[in-house]
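Peer 1: Chains as they are written, first to last, in the working numbering: chain C, 1224 to 1472; chain V, 39 to 249. Just so you know, even glycine gets a beta-carbon here, dropped at the ideal spot from N, CA and C. What you are looking at is a predicted structure, and each value in this text was computed from that prediction instead of being measured.
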Amino acid sequence: MSDDKTTHFGYKTVREEEKQGKVAEVFHNVAAKYDIMNDLMSFGVHRLWKRFTMEFTGVRRGNHVLDIAGGTGDLTMKFSDQVGPEGKVVLADINDSMLKVGRDRLLDKGYSGNIEFVQCNAQYLPFEDNSFDVITMAFGLRNVTDKDMALREFNRVLKPGGRLLVLEFSHTKNPLLKKAYDLYSFSALPMMGKIIANDAESYRYLAESIRMHPDQETLKGMFKDAGFANCEYHNLTGGIVALHKGIKP
Amino acid sequence: MALKKLDATLVQAGLVSFELAINKALKYDPAVQKKLRALAPKVLAINITTLDLTVFVQFGEQLELHSHQEQPADATLSGELSAFLNLASHEDKHAALMKSDIQIQGSSQLAMGLADASSHLKIDWEAMISGLTGPVIAHVVGNKLRAFSGWFKNTGQKFKDDSVEYVRDELQLTPHKLEGESRFSAIHTLKLDAERLEARIARLKARLKQP
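Structure (structure tokens):
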């Protein structure tokens, strides 16, 4: 019998050390067309979900913000305006292809000065304890191999009173919406991936990984276990997406 | 009664559209835009009880609308949707707000500032159209729009006046203003007489009780 620990990669069961490489491969494949695919797949609604997330950050001038799994920098851009020159925003991603796309995009739009780009794993953050006022992670947690470990790391690097916001696909309880959503994500998504990014597999993984991600209540429990207080979540679009919030006591 | 809470995504979609429309319109009325900018960085909360919805208006270079705000708002306007719609239909929003059923909490100066600025909102439609069509066509369209707007306003006022006259004179459902005033004056006199009589009786009762 093998001692290897296993985890999910979509619907497949893989060894823990394998998942990171497989996820990296997916994001290397989609990085170049990430933004356009996001707009097409969500009909632009992902911008509304991110806008909703921004409302809960409570970011002020001079704050230090970590946008982990920040990808192409949608949230970083807004944080950069809000914290001003006296603040700092760290755009971090494990995937160098995504980070490069994000960095180029931000620099092309004239964002620099208060932004740092860091390639790192959410489970092993290269930051000191109590460094950030706010941490956000939008559509990244489901790709992390050990989610509990990542949440504990977020807790470590947050300042007391700092807040963690995780925006992630979740589970809808509406049976009609669930049926339509299943049909869309398992049929239309891979087809769109095939046509636009010539990569059906990566988008199939996306749909599968969403189904394997913990539901709202489970994730809330994981927040509490990681040491967060005042944990709450808000469902968006009938629960297809949920925003979880926790405060470091 | 509050309706079922709206989905957050729908609320965001509505707020984005509304925010874009307002900021676009404000671009063509620099005077009001300046007045609103002067209110920065304050936040006004508009609580529509009927929809169980609170919209936070953040004043700044541009107006921002949010469904949630971590810091408390500087002022809050609370009321039913009908009260806000009624307020929106008045030209003098400052006076209408004072008379309305909308409750103001916090800085009333901020609420009045917004009411005052929106009362004076006069969008330069011609400038807006000229961006798309050029100045000559915009001027012609602008003239037509102004004429139509004047006609619409006059017709609306005439309809209001005629409706009042029809209900009062033809259907005789309501009294004439003078007739009403005379009746109310008579009732008032009667009320005063009754009060005087009551006082006199009280005095007589007091005298009778005296040994």
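(1) Where do the N-terminal and C-terminal ends of the beta strand (DSSP E) with Y1456 of chain C fall, by residue?
(2) Using 10 angstroms around the beta-carbon of E236 of chain V, count the other beta-carbons present and answer buried if the total reaches 16, otherwise exposed.
(3) Look up A144 of chain V in the DSSP assignment and give the residues it is bridged to.
(4) H1457 of chain C versus chain V: which residues are under 7 angstroms apart at the beta carbon?
(5) Does DSSP classify D231 of chain V as helix, strand or coil?
(6) Leaving out the 5 sequence neighbours to the left and right, which residues in its chain are closer than 7 angstroms to K80 of chain V when beta-carbon positions are compared?
(7) Is any beta-carbon of chain B found at less than 9 angstroms from that of Q100 of chain V?
(8) In the DSSP assignment, what are the bridge partners of D1316 of chain C?
(9) When you compare the CB positions of G1281 of chain C and V1306 of chain C, do they come within less than 9 angstroms of one another, or not?
(10) Does chain V have any CB closer than 9 angstroms to the CB of E1450 of chain C?
(11) Sorted by chain position, which residues of the same chain lie with C-beta nearer than 6 angstroms to A1465 of chain C's C-beta, five sequence neighbours on each side aside?
(12) Let me know the secondary structure DSSP gives R1434 of chain C once reduced to three states.
(13) Who are the neighbours of L1400 of chain C on chain V, taking C-beta pairs under 9 angstroms?
(14) Tell me whether the beta-carbon of L1381 of chain C lies closer than 9 angstroms to the beta-carbon of S1354 of chain C.
(15) Closer than 9 angstroms by beta-carbon distance: list the chain C residues that pair up with Q71 of chain V, in chain order.
(16) If we define contact as Cβ-Cβ less than 9 angstroms, is V1268 of chain C a contact residue for chain V?
(17) How about S1432 of chain C and N1337 of chain C: do their beta carbons lie closer than 9 angstroms?
(18) At which residues does the alpha helix (DSSP H) containing A1187 of chain C begin and terminate?
(19) For the segment 1331-1412 of chain C, list the alpha helix (DSSP H) runs that are entirely contained and at least 4 residues long, ordered along the chain.
(20) P249 of chain V to I239 of chain V, Cα distance in whole Å?
(21) Contact criterion: CB-CB distance below 9 angstroms. Does A51 of chain V meet it with respect to chain C?
(22) For A40 of chain V, I'd like the list of residues in its chain whose CB is within less than 8 angstroms of its CB, leaving aside the five on either flank, ordered along the chain.
(23) Looking only at DSSP bridge pairs, what is V81 of chain V linked to?
(24) Please determine, among C:P1472, C:L1263, C:D1297, C:N1378, the residue with the shortest C-alpha to C-alpha distance to F1362 of chain C.
(25) Residues of chain C with CB under 8 angstroms from S105 of chain V, in chain order?
(26) Taking DSSP as the reference, what is the three-state secondary structure of L1322 of chain C?
(27) So, do the segment 1289-1304 of chain C and the segment 119-133 of chain V have three or more beta carbon pairs nearer to each other than 8 angstroms?
(28) Which class does K1228 of chain C belong to by DSSP, given the choice of helix, strand or coil?
(29) Quick one: is V54 of chain V near chain C, going by C-beta distance under 9 angstroms?
(30) Count the C-beta pairs between the segment 1316-1327 of chain C and the segment 1385-1392 of chain C that are closer than 8 angstroms, then say yes if the count reaches three, no if not.
(31) Could you tell me whether the Cβ of K109 of chain V comes closer than 9 angstroms to any Cβ of chain C?
(32) For G1307 of chain C, report the span of its alpha helix (DSSP H) as first-last.
(33) Just to confirm the assignment, what range does the beta strand (DSSP E) spanning A121 of chain V have?
(34) According to DSSP, which residues form a beta bridge with E102 of chain V?
Peer 2: Well, looking at it:
(1) Taken as a continuous stretch (DSSP letters only), the beta strand (DSSP E) holding Y1456 of chain C covers 1452-1459.
(2) Label assigned to E236 of chain V: exposed.
(3) Per the sequence presented here, residue 144 of chain V reads as Gly, with Ala not at that position. In the DSSP output, where bridge partners are listed per residue, G144 of chain V has V:A113.
(4) Result: A46.
(5) Three-state DSSP puts D231 of chain V in a helix.
(6) So the qualifying residues of the chain are F97, D112, L148.
(7) No chain B appears in the structure shown, which is made up of the protein chains C and V.
(8) BP columns for D1316 of chain C point to C:Q1342.
(9) Not in contact: G1281 of chain C and V1306 of chain C (Cβ atoms no closer than 9 angstroms).
(10) In the sequence under discussion, the amino acid at residue 1450 of chain C is Gly, which differs from the Glu named in the question. The beta carbon of G1450 of chain C sits no closer than 9 angstroms to any beta carbon of chain V.
(11) Exclusion of the five residues before and after A1465 of chain C leaves S1393, Q1439, Y1456, N1458 as the residues of its chain whose Cβ lies within less than 6 angstroms of its Cβ.
(12) Residue state, collapsed to three classes: helix.
(13) Per Cβ cutoff of 9 angstroms: no residues; L1400 of chain C is ~11 angstroms from chain V at best.
(14) Yes, Cβ-Cβ distance for L1381 of chain C and S1354 of chain C is below 9 angstroms.
(15) Within 9 angstroms Cβ-Cβ: nothing; Q71 of chain V doesn't reach chain C, min ~20 angstroms.
(16) Under the 9 angstroms criterion on CB atoms, V1268 of chain C is classed as interfacial with respect to chain V.
(17) No; because the gap between Cβ atoms is not below 9 angstroms, this pair is not in contact.
(18) The question about residue 1187 of chain C has no answer, for chain C in this structure spans 1224 to 1472.
(19) Counting only runs of 4 or more, we get 1370-1380, 1398-1406.
(20) Distance between P249 of chain V and I239 of chain V, taken at the CA atoms: about 18 angstroms.
(21) For A51 of chain V, the nearest CB of chain C lies under 9 angstroms from its own CB, placing it at the interface with that chain.
(22) Below a pLDDT of 50, predicted positions are generally treated as unreliable, and A40 of chain V, at 44, falls in that range; no measurement from the model is reported.
(23) V:Q96, per the DSSP bridge assignment.
(24) Nearest Cα to F1362 of chain C within the set C:P1472, C:L1263, C:D1297, C:N1378: C:D1297.
(25) Within chain C, the residues near S105 of chain V are F1275, E1278.
(26) Look at L1322 of chain C here: in three-state DSSP terms it is helix.
(27) Segments in contact, no.
(28) Coil.
(29) It does: the Cβ of V54 of chain V has a partner Cβ on chain C nearer than 9 angstroms.
(30) Verdict: no, contact absent.
(31) Checking the sequence, you will find Gln at residue 109 of chain V rather than Lys. By this cut-off, Q109 of chain V is an interface position.
(32) According to the DSSP assignment, G1307 of chain C belongs to no alpha helix (DSSP H), since it is labelled neither H nor E.
(33) Here A121 of chain V belongs to no beta strand (DSSP E); instead the alpha helix (DSSP H) covers 119-127.
(34) Partner(s): V:Q96.
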